[in-house]
Amino acid sequence: MSEDNMHVVVMGGGPAGLTAAYKLTKAEKKATVLEKDNVVGGISRTASYKGYHFDIGGHRFFTKAKMVDDLWREVMGDRFLRRSRMSRIYYRKKFFYYPLRAMNALMGLGIWNSFLIFISYMKAMLFPIKPEKTFQDWVCNRFGKRLFNTFFKTYTEKVWGIPCSEITAEWAAQRIKGLSLLSAAINALLKMPTGNKSKVIKTLIDAFDYPPLGPGQMWNEFKGLIEEKGNRVQMESRVDKIYWEPGSVKAVQVVQKDGTSHALQGTDFLSTLPIKELILKLEPTPPADIVEAANQLSYRDFLTVALIIEQDDLFPDNWIYIHDPDVKVGRIQNFKNWSPDMVPEKGMTCLGLEYFCFEEDGLWTMKDEDLVALGRKEIDQLGLAKAEDVQDGTVVRMPKAYPVYDSVYKEALEKVKVFLATLPNLQLIGRNGMHKYNNQDHSMLTAMMAVKNILGENHNLWEVNADQEYHEEVQSEEERQLAETLKTQPHVPEKTN
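Okay, structure coming up:
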C-alpha cells in the first residue's frame, strides 16, 4: 500500500503513543491515537483536584538523548522551570540525603556502623557473588551486604511486593547502572557540574527541568498539536480486540464510553498496551503457549493519596523515600517543591503519598476515604505533618504502573517476542508496551524509532535502554545516535523451549 494510504493506529495516549503520533503528524501521515482514559499522559499524567495538581509519581525532565531533549523544547519552548533536586531517605526516624553526603551518612549511621559497612563493602569487592542473578546479588556486589540490608532491602520489597532474591539483577543494572558505594562517595566529595550531562550518573543528578503544571501540561500540548494538524486523539476509547492474520494486523475493535463499538482499520499499528493485555486481545487467539507466556508477565500497581495540608512549608525535599517497615507508604512527593504553580493557595501544601500494591490486595480495594485516613495517620506517624492540618485528600489509582522483572519474565517475554515478530506491521513501544522499566525519555525514543521504521528505516527498538552503556551515555547528534546505537539488522529473538 502506498504512503498516501498510510494510516497508523496508536494504542495508548501516554508518552510513547503521543510522541509517535506527533512525529507522524509532522511527517504528514494519518494517525489515530486510542486512549481508554479521559486524560492523556499515562503514568506521566498530571492529575487535578480542586485546583491542586499532582503527578502519578514524580517525573524529572533530564535526558542524555539529545533528540528527546530537543523535542521537549520544541513543544514546551522556554516554559520549563529549572529545579534543584533534593531527596532524602527516611530510615529509623532519621533523614539521609540521597544522593549520598558523606558526613550526613556518617553521623546518621554512626561511626561504628559506618566502619562495618565499609568492611562489608571491601568484602564484596574481594569476594563478589557469582553468578550475579538477582537484585540482591547486584546490590551486595556494589554496596556490600550490610548497606543492602540497611537501605535497599526494606524499600525495594515495599515497592515490588516480592523478596529481593526474586527480582532479577537486570532491573538494577537498567535502573541504577553506574552507581556503587564508591561512585556515590566520590559524587558526595567531588560534585560534578550539572551541565555536563554526558558524565552524570542518572541516579545522582541534582537538577532537572519541569513544566510549571507538571508533565501532563506537556502531554496536553502534544495532544493539541496532533489534533491541530488534523489527526485524532480519541479519548475514552478502549481497544477491545485486535484482528490479525498470519503476517499482519488488520484492524482493532474500539469500544467507546457509551458502549458503542466500531472497527478501525490501519496499515500500521503501534501498541503501548501491557503485553499481557495485547496478547489476550488478539483475535483469533494466539497459540496456547504464547497465551501462557503472556500470562506469566506480572505488573506492580500504584496509587497516590494526595493530601492537602494547611501548612506553607513542611520540608524542603522534592520527594522522600520511606525506608520504614512500620508504615505502608513507600515514597512521598512534595509537589509545591516541584513547582509552586502546582498549589493554588498560599499557606497550603499538597503531598502525594505513594503506595505500591497489587490490584487484588487490600490497599488497592480500600475505599478512597479510608486511604485518605491512612495517609493522614502515616504522615503524622512519620512526623512530617500533623494529622489535624490535613484539610482534604483524594486518591488516584494507576494499574500496571511497573512491569515486574521476576525470575520468569525474561523467558516468557522472549517467547512472546518471537510470536510478535511474525506481525511486522505491529510494533511495541513504551514501558508497558515492551515490558521494560523505561523512563519517559526512553519510552519516547522507542516511539521515534518506530515511526522511522514505518517511514522506511530499520531500527531495533529493543536496543533502546537495553544496553547499559547506551542507557547512561546517549549523547550528541541524532545521526550519530542512530548510526552507532540503534541502527541494526532486524532482530529475531531466540526461540525458547
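Offset between the sequence shown (1-based) and the numbering used here: plus 776. Glycine included, every Cβ here is placed at the ideal spot set by N, Cα and C. None of the values given here were measured: they were computed from a predicted structure.
Burial state of residue i (16 or more Cβ within 10 Å)
i, result
"residue 995", "buried"
"residue 840", "buried"
"residue 902", "exposed"
"residue 1073", "buried"
"residue 1085", "buried"
"residue 1208", "buried"
"residue 1064", "exposed"
"residue 789", "buried"
"residue 1080", "buried"
"residue 1152", "buried"
"residue 1136", "exposed"
"residue 978", "Here the model assigns residue 978 a pLDDT of 48, short of 50, so the residue's position is not dependable and the matter cannot be decided."
"residue 891", "exposed"
"residue 914", "buried"
"residue 1220", "buried"
"residue 1197", "exposed"
"residue 1234", "exposed"
"residue 795", "buried"
"residue 1041", "exposed"
"residue 1167", "exposed"
"residue 1271", "With a pLDDT of only 35 at residue 1271, under 50, the local geometry of the prediction cannot be trusted, and the value read off the model is given with reservation. Exposed, because fewer than 16 other Cβ atoms sit within 10 Å of the Cβ of residue 1271."
"residue 1034", "exposed"
Sub-8 angstroms separation of residue i and residue j beta-carbons
i, j, result
"residue 900", "residue 925", "no"
"residue 1165", "residue 938", "no"
"residue 930", "residue 1099", "yes"
"residue 864", "residue 984", "no"
"residue 736", "residue 1119", "Only positions 777 to 1273 of the chain appear in this structure, which leaves residue 736 out of reach."
"residue 1044", "residue 1230", "yes"
"residue 986", "residue 1115", "yes"
"residue 1277", "residue 1139", "In the structure as shown, the chain starts at 777 and stops at 1273, and residue 1277 therefore has no counterpart that could be examined."
"residue 867", "residue 1158", "no"
"residue 851", "residue 1001", "yes"
"residue 1205", "residue 1237", "yes"
"residue 989", "residue 1020", "no"
"residue 1005", "residue 801", "yes"
"residue 923", "residue 893", "yes"
"residue 942", "residue 812", "no"
Among the options, nearest to residue i - alpha-carbon criterion
i, options, result
"residue 1029", "983, 1062 and 1016", "1016"
"residue 1211", "1186, 1162 and 871", "1186"
"residue 833", "1111, 1057, 1033 and 1089", "1111"
"residue 1134", "1216, 1076 and 862", "1076"
"residue 909", "865, 946 and 1019", "946"
"residue 1126", "1034, 814, 1108 and 782", "1108"
"residue 1199", "1023, 897 and 1007", "1023"
"residue 948", "1236, 1217 and 1213", "1213"
"residue 1195", "1051, 805, 941 and 803", "1051"
Beta-carbon separation (whole angstroms), residue i vs residue j, contact threshold 8 angstroms
i, j, result
"residue 1172", "residue 823", "5 angstroms"
"residue 807", "residue 792", "The Cβ separation is near 13 angstroms, so there is no contact."
"residue 1097", "residue 873", "In fact, because the Cβ distance is near 11 angstroms, the residues do not count as touching under 8 angstroms."
"residue 1070", "residue 1055", "4 angstroms"
"residue 896", "residue 921", "5 angstroms"
"residue 992", "residue 817", "5 angstroms"
"residue 1275", "residue 1046", "The structure shown does not extend to residue 1275, since the chain spans only 777 to 1273, so no value can be given for it."
"residue 1094", "residue 861", "6 angstroms"
"residue 825", "residue 1188", "Wrong, their Cβ atoms sit about 38 angstroms apart, outside the cutoff."
"residue 786", "residue 815", "Not quite, the Cβ-Cβ distance comes to about 16 angstroms (not below 8 angstroms), so this is no contact."
"residue 1146", "residue 1123", "In fact, because the Cβ distance is near 28 angstroms, the residues do not count as touching under 8 angstroms."
Closer than 8 angstroms to chain D by CB, residue i
i, result
"residue 819", "You won't find chain D in this structure, because it holds only one protein chain."
Residue i beta carbon near the ligand ZN (any heavy atom closer than 7 angstroms)
i, result
"residue 789", "This structure does not include the ligand ZN; it has no bound ligands of any sort."
**Item:** Whole alpha helix (DSSP H) elements within the segment 1171-1233, 4-residue minimum
**Value:** With a minimum length of 4 residues, the continuous alpha helix (DSSP H) runs that stay inside the segment 1171-1233 are 1185-1196, 1207-1210 and 1216-1230.
**Request:** Go through the segment 844-905 residue by residue and report every complete run of the beta strand (DSSP E) that reaches 3 residues or more, in order.
**Result:** Those beta strand (DSSP E) runs which fall completely within the segment 844-905 and span 3+ residues are 857-860, 863-867 and 870-873.
**Asked** Hey, which unbroken runs of the alpha helix (DSSP H) at 4 residues or more fall wholly within the segment 966-1048?
**Response** 991-1004
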